[in-house]
Amino acid sequence: MYHLTHTQGRGPEFATVFDWRLAVSYTIRDLIVTPWMAGHRTSRDNKLKRVYYLSMEFLIGRILGDAIINLGLDHQMDEALESLGLNRTQILEDEPDAALGNGGLGRLAACFMESLSSLGVPAFGYGIRYEHGLFRQRFAAGQQVETPEDWLNQPHPWEFVRVDYSYTIGFKGEVETVDGHSVWLPGESVVARAYDTPVIGWQANWANTLRLWGAQPTNLFDLHRFNAGDYAAAAEPEALARTLSRVLYPDDTTDQGKELRLKQEYFLTSAALQDIIRRFVAEHGEDLAHLPDKVAIQLNDTHPAIAGPELIRLLMDEHDLPFAQSLDLARRTLNYTNHTLLPEALERWSIWLMGHVLPRHLQIIRMIDEDHRKSTGRPANVSIIDHDEVRMGELAFIMAGKVNGVSALHTDLVRSTVFADLHKLHPDRIVNLTNGVTPRRWLRMSNPPLARLLDKTIGTGWTGDLDLLKGLAPYADDGGFLDELRAAKRQNKVALSNGLLADLGINADPEAIFDVQVKRMHEYKRQLLNILETIALWHRIHESPNGDWTPRLKIFGGKAAPGYWTAKTIIHLINDVAKTINDDPVTSQFLKIAYPPNYNVSMAEKLIPAADLSEQISTAGKEASGTGNMKFTMNGALTIGTLDGANVEIRELVGPDNFFLFGLTAAEAETEKAKPGHARAAIEKSDDMKIALQLIAEGRFGRPEHYYALLDRTWNDDPFLVASDFDSYYRCQRSVDSAYADHGHWDRMSALNIASSGFFSSDRTIRGYMETIWHV
Ligand code: 26Y
54 MYHLTHTQGR GPEFATVFDW RLAVSYTIRD LIVTPWMAGH RTSRDNKLKR VYYLSMEFLI
114 GRILGDAIIN LGLDHQMDEA LESLGLNRTQ ILEDEPDAAL GNGGLGRLAA CFMESLSSLG
174 VPAFGYGIRY EHGLFRQRFA AGQQVETPED WLNQPHPWEF VRVDYSYTIG FKGEVETVDG
234 HSVWLPGESV VARAYDTPVI GWQANWANTL RLWGAQPTNL FDLHRFNAGD YAAAAEPEAL
294 ARTLSRVLYP DDTTDQGKEL RLKQEYFLTS AALQDIIRRF VAEHGEDLAH LPDKVAIQLN
354 DTHPAIAGPE LIRLLMDEHD LPFAQSLDLA RRTLNYTNHT LLPEALERWS IWLMGHVLPR
414 HLQIIRMIDE DHRKSTGRPA NVSIIDHDEV RMGELAFIMA GKVNGVSALH TDLVRSTVFA
474 DLHKLHPDRI VNLTNGVTPR RWLRMSNPPL ARLLDKTIGT GWTGDLDLLK GLAPYADDGG
534 FLDELRAAKR QNKVALSNGL LADLGINADP EAIFDVQVKR MHEYKRQLLN ILETIALWHR
594 IHESPNGDWT PRLKIFGGKA APGYWTAKTI IHLINDVAKT INDDPVTSQF LKIAYPPNYN
654 VSMAEKLIPA ADLSEQISTA GKEASGTGNM KFTMNGALTI GTLDGANVEI RELVGPDNFF
714 LFGLTAAEAE TEKAKPGHAR AAIEKSDDMK IALQLIAEGR FGRPEHYYAL LDRTWNDDPF
774 LVASDFDSYY RCQRSVDSAY ADHGHWDRMS ALNIASSGFF SSDRTIRGYM ETIWHV
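Using our numbering, read the sequence shown as starting at 54 and increasing by one per residue.
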């Protein structure tokens, strides 16, 4: 009530949901500030080593609900809101979903921030305060339409602006030599201003800071021009600077705006490193030789890989250390996480662009490259500069103390493929840290029915120590427990069904298998395989409409990069197929498709707890880890999947009997792809796949000409082996049908999945980083 009147300036009789939501948020924030400041004091007074997580993406989602959970105030909050006559869901859902990321890599960064706080590790996350996060998706005639996201269009109650922490970031210009020293005279500059959001850990013992940089002009505007009446030109410096933190880059393959992306990466990295060095000097004095003892920096993919040359530049040009020592200090401070093997996602910048935007850094990159080649005996294939391009993966690797993969399989592939040559030179550098997710958000907060059942059955300790879920295993044979587990799942399915009916007009049967594939739209993730299987099943049901079919609701969710034509065509196809199938009276009791638009963190929180089946069907060898797969397992969904990414570890832990495996292995997939005509050969052999493609070509689902290119690509190229895996997938889905029909059996498998999911807590992952990489 205090914040409603004194901060929001509204009496209760006039307050809207928005007013109440802000008042509640400020009240909760007040409670976070105390442990937050205490943590800062403890770290500073004890001169503790800190972890710095540099990421271009933090996909945090909504904050309020998670903060309430971590403060342990969920029951009190419910009572308080009830006494005020307020609806909790309404208040929580009024908060915009902070979408400062594209997908897995950004959400991982957010889970890591939460675990770092829960474990009480002194840490900062550094990112960019994008004014517009990931675009909003809607469908027009089944096709994706992007509209700008606008989360900062309203007050953001969680952040504290730090006008005193501002750094100048230069671009372009000249490098001159003065007294034997190189001096970079940037041609442009902007100011990076810090905006801090506290991240509260489980049980509120510790809070760290997510520090996001917003760009400000060095000169606000040109007063001469303004006074002369040229208002637009006067505001130019401001507009130019602001573009730097204006929009999140969609995971994209187009060439457009490459320069802006490079500038954004440098903007984040330079601001973070200047801030880190300032703090180090303030706490430990000017002797930067001890930097690696007090600072561990993690680069989330290559996006902040300019950190290597930038740290060397700061040490050498601004703090007068020699190159060799600067290089050594940087290497003992920096570490790099690789999240992809896909060649199109490995960043490369033309030498021209690098020299144009960051001339001093290009010089330093050449020095790093030369030093590395000399010290390793000048082997082939390991240079940072190749074919007039700067290879950021090689740069990050060479500048890192440790390089990590994100699942066991992915780490093996990092060693044997992208970095095979560098791995031979530095055999101890690559380590595995399998991803994880925070059980606070992804279980306790998003799945209250299951959380209550777990509390009742094994006690509440699992939230902070997910390995305790093992205690559930004995209950997998307890009929009473299994009934309650089913009831909890059903409650989530009913809630989701109500939402689907209200939002999409789809009448879902909670008894049906809720079969969910939610993730970014990418060919390698093979949403195409899923929709083709759906078409084939629909056709089979038509052939015997009185058959004993297990009812299914197929749920899709995900966005395509705006310039990714094939991914957008697959979205269109799913929507076209959904329209035909959902309107078919012959099959509708058995099969429906729902594709709610604008999949985001908040939607994941509703879909995952309601899922029976988790689709993790990427071409083996292509999905680095996956983290959605872990969330589903924790929430009792069974996985249908390939041996890819962390699926391999999920299957090992839950046991092969409790996992629906299909498809080629990574090695087999490589062999298969090398066979000329592999797609056509596989399609010719598969009646089901052939029919599915034929039905599309005949125009059974909207205008066939929309799909000619996709069909042609599937018959003649099929780079992600949809055809080769089709029959195996189709058969596996039918074994899902029969398994689901046997309730007792299914629920037992579900219980065993939950019981084995403790390993996938991001607390375990962070402990691994602490031990093997950061030494904190
Ligand atoms: C613009 C471009 C350079 C780019 C931008 C974003 C390239 C890649 C990305 C994002 C990649 C990403 O999200 N990768 C995912 O990381 C997850 C966390 O490790 C993995 O679980 C997932 O398999 C991987 O695809």
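Cβ coordinates follow ideal geometry from the N, Cα and C atoms, glycine included.
| Query | Result |
| --- | --- |
| Can you name the start and end residues of the beta strand (DSSP E) that E336 belongs to? | From DSSP, E336 is part of no beta strand (DSSP E) but of the alpha helix (DSSP H) over K311 to H337. |
| Does the beta-carbon distance from T487 to D816 come in below 9 Å? | no |
| In the segment 339 to 389, which residue ranges form an unbroken beta strand (DSSP E) of at least 3 residues, counting only runs that do not cross its ends? | 348 to 353 |
| Measuring CA to CA, which of A673, A541, D536 and G514 is closest to K578? | A673 |
| Taking the C-alpha atoms as reference points, what is the distance between V243 and M687? | 45 Å |
| Taking the alpha-carbon positions, what's the G730 to M742 distance? | 16 Å |
| Where F754 and T767 are concerned, what is the direct C-alpha to C-alpha distance, given to the nearest angstrom? | 17 Å |
| Confirm the yes/no value for this check: CB of T513, any heavy atom of the ligand 26Y, distance under 8 Å. | no |
| Mapping DSSP to helix, strand and coil, what is W405? | helix |
| Thinking N388 and A285 are a contact (beta carbons under 8 Å), I'd like their distance in whole angstroms, please. | Actually they do not touch by this definition, with Cβ atoms about 45 Å apart. |
| Assuming L263 contacts M166 under a Cβ cut-off of 8 Å, what Cβ separation, rounded to an integer in Å, is found between them? | 6 Å |
| Does any CB atom of chain B fall closer than 9 Å to the CB of R468? | The chain labelled as chain B is not found in the depicted structure, where only one protein chain is given. |
| Under the DSSP definition of a beta bridge, which residues are partnered with A260? | I253 |
| Measuring from the CB of T695, is there a heavy atom of the ligand 26Y at a distance below 8 Å? | no |
| Could you pull out every unbroken beta strand (DSSP E) segment of at least 3 residues lying fully inside the segment 428 to 503, listed in chain order? | 442 to 444, 456 to 458 and 483 to 485 |
| Thinking I594 and T633 are a contact (beta carbons under 8 Å), I'd like their distance in whole angstroms, please. | With 8 Å as the limit, I594 and T633 do not qualify as a contact, their Cβ atoms being about 13 Å apart. |
| Look up T724 in the DSSP assignment and say whether it is helix, strand or coil. | helix |
| Taking C-alpha atoms, which residue in G514, R141 and A358 lies nearest to R444? | A358 |
| Just tell me which of G118, G611 and Q747 has its CA closest to the CA of Y761. | Q747 |
| Judging by CA-CA distance, which residue of G532, N560 and L764 is the nearest neighbour of I623? | L764 |
| So what does DSSP say about I85, is it helix, strand or coil? | helix |
| Decide if the segment 653 to 666 is in contact with the segment 560 to 571; the criterion is three or more beta carbon pairs, one per stretch, under 8 Å apart. | yes |
| What does the alpha-carbon distance come out to for the pair R573 and I417? | 36 Å |
| Could you tell me the distance, in whole angstroms, from the CA atom of A804 to the CA atom of F715? | 22 Å |
| Tell me which residue opens and which closes the alpha helix (DSSP H) that E167 is part of. | G157 to S171 |
| What distance in whole Å lies between the Cβ atoms of R63 and E148, which are believed to be in contact at a cut-off of 8 Å? | Incorrect: roughly 18 Å between the Cβ atoms, too far for contact. |
| Suppose you measure from the CA of I113 to the CA of A162; what does that come to, to the nearest Å? | 8 Å |
| If you compare alpha carbons, which of E289, L313 and L394 is closest to L411? | L313 |
| In terms of residue numbering, what span does the alpha helix (DSSP H) encompassing W799 cover? | H796 to A808 |
| Could you tell me whether any non-hydrogen atom of the ligand 26Y is closer than 8 Å to the CB of V459? | yes |
| Any heavy atom of the ligand 26Y closer than 8 Å to the CB of M90? | no |
| Run through DSSP, which three-state label would W266 get? | strand |
| Just to confirm, does H798 get its C-beta within under 8 Å of one of the non-hydrogen atoms of the ligand 26Y? | no |
| Of the choices V216, F67, A133 and A808, whose alpha-carbon is the least far from that of D520? | A808 |
| With a CB to CB cut of under 6 Å and the five nearest residues on each side skipped, what residues in its chain are close to L101? | P175 |
| Enumerate in chain order the residues of its own chain whose CB-to-CB distance from L139 is below 7 Å, with the five nearest sequence positions on each side excluded. | W73 |
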